[in-house]
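Working notes, structure below.
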Amino acid sequence: MNTDTHASTPAPVGCTNFKLRQFTRRVTQHYDQHLAGSGLKITQYSLLAHVDRLGPLAPGELARRMDMGASTLTRNLQPLVAAGWLALGEGADARSRTVHITDAGREMRRQAQRRWKAAQLALNDKLGAATVVALHDLLDQGLAAFHEEDTHEA
């Protein structure tokens, strides 16, 4: 994706993976602190929100849409299914399943959404809205590069 070969461009220093993981740990802690009163972690809220927005869908499709591995999705679904917030139903054939949100899950998401919004606004204040917009743009560009690579490998 990046074809920038200008000599004046500084070279990255340090491990990008470490820096991203360090940052995402802090951002996750930030959201989890705001969501704590709801009983959800940000990963759980995100999963509920995606299933609610996308409607009933196959676990594989949900994993693909969330850029998540199938085993990670299965592990993250289990407590939400156990709580009665998500349910697994029959798919198009006997070998497939669908994930859908329950009424209790929709209510949990609705209640947690206020806390998520407060977390988002607080993060915007902490980093600055322009920085968050730039960060989203950079992340979208990075994800697009990986998705492009995925389509060429397929």
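Numbering-wise (this note's numbering), the sequence shown opens with residue 1000 and increments by one. Every residue gets a Cβ at the ideal spot worked out from N, C-alpha and C, and that includes glycine.
### Query
Which residue or residues does DSSP assign as beta-bridge partners of Leu-1034?
Within the sequence shown, the letter at position 35 stands for residue 1034. DSSP output for Leu-1034 lists no bridge partner at all.
### Buried or exposed (CB count within 10 angstroms, at least 16 for buried), Val-1050
Here the question's residue 1050 lines up with position 51 in the sequence shown. Buried, by the Cβ-count rule.
### Query
CA-CA distance, Leu-1019 and Ala-1143?
The count along the sequence shown starts at 1 and reaches residue 1019 at position 20. The count along the sequence shown starts at 1 and reaches residue 1143 at position 144. The straight-line gap from Cα to Cα measures roughly 17 Å.
### Query
Excluding five sequence neighbours on each side, which residues of the same chain lie with their C-beta closer than 8 Å to the C-beta of Thr-1150?
As a working note, residue 1150 is residue 151 in the sequence shown. Excluding positions up to five away in sequence, the list is empty.
### Message
Does the contact criterion of 3 or more C-beta pairs under 8 Å hold for the region 1025-1044 versus the region 1106-1116?
### Response
yes
### Val-1132 to Asn-1123 span [Cα, whole Å]
As a position in the sequence shown, residue 1132 is number 133, starting the count at 1. As a position in the sequence shown, residue 1123 is number 124, starting the count at 1. About 9 Å.
### Which residues DSSP lists as bridging Thr-1097, in chain order
Position 98 of the sequence shown, counted from the start, is the residue given in the question as residue 1097. Paired residues: Gly-1088.
### Under 8 Å between C-beta atoms of Thr-1023 and Ile-1041
Residue mapping note: residue 1023 aligns to position 24 of the sequence shown, counting from 1. Residue mapping note: residue 1041 aligns to position 42 of the sequence shown, counting from 1. Result no, Cβ atoms of Thr-1023 and Ile-1041 do not sit closer than 8 Å.
### Message
Check whether the region 1082-1089 and the region 1062-1074 are in contact - that is, three or more C-beta pairs closer than 8 Å.
### Response
no
### Query
If we ignore side chains and look at the alpha-carbon of each, how far apart do Lys-1125 and Gln-1119 end up?
By 1-based counting over the sequence shown, the position of residue 1125 is 126. By 1-based counting over the sequence shown, the position of residue 1119 is 120. In a straight line, the C-alpha of Lys-1125 is about 10 Å away from that of Gln-1119.
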